[in-house]
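Working notes, structure below.
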Amino acid sequence: MGDDPNVYEIRVSGHLGPTFLMAFPALTAHRDGGQTVLTGALPDSSALYGVLAQLEALGLDLLEVRKTHTPE
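Read in order, the letters of the sequence shown correspond to residues 2 to 73 in the working numbering.
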């Protein structure tokens with residue numbers, strides 16, 4: 002139970018191009034208005050913090066992080 006990954010939606014400002022998206026191979030992306038939503042299962046909180054650190058390193062504006070569900 003505790004080893005199951007959680008699915009997250011991570012919303013950033015702007016439309017990310019293919020070069021930026023290559024930094025997040027475990028996530029899928031779609032555009033929503035003037036934002037990009039990255040979605041995917043992350044195995045643990047360390048993986049989530051790694052994605053957030055990568056967003057910061059790339060200078061992207063983080064708008065929201067939301068856990069959508071735990072896959073069964």
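For every residue, glycine included, the Cβ atom is placed at its ideal position computed from N, Cα and C.
If the five residues before and after Asp62 are omitted, its C-beta is found closer than 8 angstroms to the C-beta atoms of Val13, Ser14, Gly15, all from its own chain and listed in chain order. Here the C-alpha atom of Gly60 lies approximately 30 angstroms from the C-alpha atom of Asp5.
Counted as a single uninterrupted DSSP element, the stretch harbouring Leu28 is not any beta strand (DSSP E), since DSSP gives it neither H nor E. Bounds of the alpha helix (DSSP H) holding Leu22 are 19-22.
In the three-state scheme derived from DSSP, where H, G and I count as helix and E and B as strand, Gly34 is classed as coil.
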